[in-house]
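Visitor: Following the working numbering from start to finish, the sequence shown increments by one per residue and tops out at 404. Below are the structure tokens for one structure; questions will follow.
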Amino acid sequence: MGKVLIIGAGGVGNVVVKKCAMNPEIFTDILLASRTLSKCEAIANEIGGNRVKTAQVDADNVPQLVALIESYRPDLVINVALPYQDLPIMDACLQTGVHYLDTANYEPKEEAKFEYSWQWAYKKRFEARGIMALLGCGFDPGVTGVFTAYAAKHHFSEMHYLDIVDCNAGSHGKAFATNFNPEINIREITQNGKYFENGEWIEIPPMSIHQPIPYPNIGERESYLLFHEELESLTKNFPTLKRARFWMTFGQQYITHLQVLQNVGMTSIKPIRYNGMDIVPLEFLKAVLPEPSSLGENYTGETSIGCQIKGLGKDGKDLTYFVYNNCSHAASFKEVQAQAVSYTTGVPAMIGAMMMLKGEWMRPGVYNVEEFNPDPFMDMLNKHGLPWHEQFNIDLPFEYPS
Ligand code: NDP
Numbered sequence: 003m004g005k006v007l008i009i010g011a012g013g014v015g016n017v018v019v020k021k022c023a024m025n026p027e028i029f030t031d032i033l034l035a036s037r038t039l040s041k042c043e044a045i046a047n048e049i050g051g052n053r054v055k056t057a058q059v060d061a062d063n064v065p066q067l068v069a070l071i072e073s074y075r076p077d078l079v080i081n082v083a084l085p086y087q088d089l090p091i092m093d094a095c096l097q098t099g100v101h102y103l104d105t106a107n108y109e110p111k112e113e114a115k116f117e118y119s120w121q122w123a124y125k126k127r128f129e130a131r132g133i134m135a136l137l138g139c140g141f142d143p144g145v146t147g148v149f150t151a152y153a154a155k156h157h158f159s160e161m162h163y164l165d166i167v168d169c170n171a172g173s174h175g176k177a178f179a180t181n182f183n184p185e186i187n188i189r190e191i192t193q194n195g196k197y198f199e200n201g202e203w204i205e206i207p208p209m210s211i212h213q214p215i216p217y218p219n220i221g222e223r224e225s226y227l228l229f230h231e232e233l234e235s236l237t238k239n240f241p242t243l244k245r246a247r248f249w250m251t252f253g254q255q256y257i258t259h260l261q262v263l264q265n266v267g268m269t270s271i272k273p274i275r276y277n278g279m280d281i282v283p284l285e286f287l288k289a290v291l292p293e294p295s296s297l298g299e300n301y302t303g304e305t306s307i308g309c310q311i312k313g314l315g316k317d318g319k320d321l322t323y324f325v326y327n328n329c330s331h332a333a334s335f336k337e338v339q340a341q342a343v344s345y346t347t348g349v350p351a352m353i354g355a356m357m358m359l360k361g362e363w364m365r366p367g368v369y370n371v372e373e374f375n376p377d378p379f380m381d382m383l384n385k386h387g388l389p390w391h392e393q394f395n396i397d398l399p400f401e402y403p404s
């Protein structure tokens, strides 16, 4: 049905390629391209059978991307490199007339700030070119947007309060490691937190609001309020929301390491002069930390990510609702040799690509996932390894204005 070019051969890229390869009726041809060719070849060799072609590309370089796309002529480019590459890859898609999908919104390298404005600004040009961009199609962002759209479609007449709750209760046995790209992860956590309340964004010092939240099959875990990009699109696309927040768990060991690294300046993105060279401390730190793709073996425990929503049900009465998925690190490793954070990102990216190639989610322009019919995507989550569960009228662990 379609040819895909997947860019990025890291933790998430490994999962996307393997899941696409498992669905040959949709993904007839697959090309995996990344900065380091040997990583692409290692993944292709694990799949075997010459199913996946490989190429080297610098995705910051638009002419290189255009040449690669013109030589392969894919129907869709799946970008699972880093957020810095979003705009060059979108530019290359515009030049070549090819659809685009990613899992994280653009952020400039020199400033730790992520927002959709840069990518939403491509909407008219994508419309005029007759191509589509699907933004943020991992788990969070991604499935959390689909969950919210599903809740709005099937259960609520008005959604008022949204809390996205993300727990990794796994153990990889390393003293300190991040579950996705360390540079992106640390930039996200060390910036100010932010949430939406009564039409305004409220900014807070990093990690300064936290509380215990119970997670299914895991129990209570201390969870920290962070800004997360789906809050920006969900509050725009569901304007009845009075408050929208995002919570993530961190263990004490992780926080202590992060504090020490911050205190000694290792998380800074300002270049320093060292031995006649400019070095960015965070980039150097990334180089000594374990790669996310290397964490899968012997990783125990599971992740649990979901949306807790309060508002008025279809019958006009108060309703609380929780929709979530739990994902086991060991099961992910057994299936595709990845830990669950890569798995929960890569599977939705494959499903989003499937939605686009099948024409179920297809219209020219630039969109977030919650702007499409959630039902076929929700079905595919159940079929491709991320089953979800619902709870109604339960006590939620938050305070609400009376
Ligand atoms: P990794 O660091 O494991 O992989 C990133 C890959 O991109 C590496 O293979 C890297 O190449 C490649 N790359 C980086 N720069 C370039 C470039 N200029 N040209 C070509 N390739 C490049 O990260 P993850 O796989 O963990 O994360 C991938 C993406 O997924 C990130 O954008 C991350 O933010 C996003 N993500 C989204 C989530 C969600 O739920 N929505 C959750 C987790 C991650 P090399 O190997 O040479 O360094």
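Using N, Cα and C, we set each Cβ at its ideal position, and we do this for glycine too. Nothing here was measured: the structure is a model prediction, and the numbers come from that model.
Going by the beta-carbon positions, is the gap between N107 and Y118 smaller than 9 Å?
Guide: Yes; because the gap between Cβ atoms is below 9 Å, this pair is in contact.
Visitor: Assuming M356 is part of the alpha helix (DSSP H), what are its boundary residues?
Guide: Looking at the DSSP string, the run of the alpha helix (DSSP H) that includes M356 is A342 to L359.
Visitor: Of the residues V19, K115 and I257, which one's Cα is nearest the Cα of G50?
Guide: Cα-wise, what sits closest to G50 is V19.
Visitor: Looking at C-alpha atoms only, which residue of Y74, I133 and K41 is the closest neighbour of V368?
Guide: V368 has its Cα closest to that of I133, out of Y74, I133 and K41.
Visitor: Counting only the same chain and skipping the five closest in sequence on each side, list residues whose C-beta sits under 8 Å from that of N194.
Guide: Excluding sequence neighbours, N194 sits near E205, I206, P207, P208 and F229.
Visitor: Considering only heavy atoms of ligand 1, does any lie closer than 8 Å to the CB of A130?
Guide: Checking the Cβ of A130 against ligand 1 gives no.
Visitor: Using the C-alpha atoms, what's the distance from N16 back to A340?
Guide: Each residue's alpha carbon lies about 8 Å from the other.
Visitor: Measuring CA to CA, which of M356, H386 and T346 is closest to T30?
Guide: When each option's Cα is compared against that of T30, the closest is M356.
Visitor: Can you tell me whether DSSP reads L196 as helix, strand or coil?
Guide: Here residue 196 is Lys; the residue named in the question, Leu, does not match the sequence. Correct three-state label for K196: strand.
Visitor: Can you give the Cα-Cα distance for F267 and P283, rounded to whole angstroms?
Guide: The amino acid at residue 267 is misidentified as Phe; the sequence shows Gly. One C-alpha to the other measures close to 7 Å.
Visitor: In whole angstroms, what is the alpha-carbon distance linking L52 and E43?
Guide: It should be pointed out that residue 52 corresponds to Asn in this sequence rather than to Leu. C-alpha separation (whole angstroms): 11 Å.
Visitor: May I ask you to report which of helix, strand or coil DSSP gives L287?
Guide: In the structure shown, L287 sits in a helix (DSSP, three-state: H, G or I).
Visitor: Please classify W203 as buried or exposed, where buried requires at least 16 other C-beta atoms within 10 Å of its C-beta.
Guide: Burial call: exposed.
Visitor: By Cβ distance, which residues of its chain are closer than 8 Å to E293, with the 5 residues on each side in sequence left out?
Guide: Cβ within range, chain order: G12 and G13.
Visitor: On the three-pair Cβ rule with 8 Å, is the region 318–327 touching the region 233–246?
Guide: The region 318–327 is not in contact with the region 233–246.
Visitor: Can you tell me whether N181 sits near ligand 1, meaning its C-beta is under 8 Å from at least one heavy atom of the ligand?
Guide: At least one heavy atom of ligand 1 is nearer than 8 Å to the Cβ of N181, so yes.
Visitor: Under 9 Å between the Cβ atoms of T305 and A342?
Guide: Going by C-beta atoms, T305 is nearer than 9 Å to A342.
Visitor: Classify S334 as helix, strand or coil using the three-state DSSP reduction.
Guide: It is helical.
Visitor: What does the alpha-carbon distance come out to for the pair V100 and M92?
Guide: About 9 Å.
Visitor: To the nearest angstrom, how far is it from the Cα of E199 to the Cα of Q213?
Guide: The straight-line gap from Cα to Cα measures roughly 18 Å.
Visitor: Pull up the CB-CB distance for Y102 and V79, whole angstroms please, since I reckon it's below 8 Å.
Guide: Right, their Cβ atoms sit about 5 Å apart.
Visitor: Sorry if obvious, but does the Cβ on V68 come closer than 8 Å to a heavy atom of ligand 1?
Guide: Answer for V68: no, Cβ out of range of ligand 1.
Visitor: May I have the straight-line CA-CA distance separating N219 from F182, to the nearest angstrom?
Guide: Whole-angstrom Cα-Cα distance: 23 Å.
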